[in-house]
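First comes the structure, then the notes that go with it.
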Amino acid sequence: MVLKIEVQQAESNHEYTMLSWLADKLPVPEVLLHIQEQELSYLLMSRAKGEFACSDYWLSRPQQLVKILAKSLKMLWDVPIQNCPYDLSLNHKLKIAEKMYIMKNIVLRMQKKALMGIQRFNHLRYFYLG
1 MVLKIEVQQA ESNHEYTMLS WLADKLPVPE VLLHIQEQEL SYLLMSRAKG EFACSDYWLS
61 RPQQLVKILA KSLKMLWDVP IQNCPYDLSL NHKLKIAEKM YIMKNIVLRM QKKALMGIQR
121 FNHLRYFYLG
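Using UniProt numbering, you'd call the opening residue of the sequence shown number 1 and step up by one each time.
Dropping the structure here:
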């Protein structure tokens, strides 16, 4: 299991919603629990099955790796997006990036210690639970 803890933000809900939506479409980690309280978001999920493509095993077998990565991309591209719960267009992502940039600058101005403001805003931790 993996427990992801981060400061509550739109991306926290986005990740939970997308993992739930993709559950019957792709081999994604299973969401076991999602809680938001006291400015923190907790996402408990199963570990993703498989091995990293950058592992020594796969890097020593580049022809097999390319075939597996190509198959994986095809699986991703074959997911019908008509009912996707989020707009992931470039324009939408640019608007989110602009909002995050503005929010970070507000935090920087409001905090006497700018570095602490950035660290708090970007707070993210992963815990592997077995």
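No residue lacks a Cβ here, since even glycine has one placed at the ideal position from N, Cα and C. All figures in this text were calculated on a predicted structure; none of them were measured in a lab.
query	result
Ranges of the beta strand (DSSP E) found wholly within the stretch 8-54, counting only runs of at least 3	31-37, 40-45
Contacting residues, own chain, Cβ-Cβ under 6 angstroms from Asn-13 (five flanking each side not counted)	none
Per-residue burial, Tyr-101 [other beta carbons within 10 Å of its own, 16 or more giving buried]	exposed
Any 3 or more C-beta pairs closer than 8 angstroms across the stretch 77-93 and the stretch 31-40	no
Alpha helix (DSSP H) segment containing Gln-63, residue limits	62-77
Test item: CB-CB of Ser-20 and Val-31 under 9 angstroms	yes
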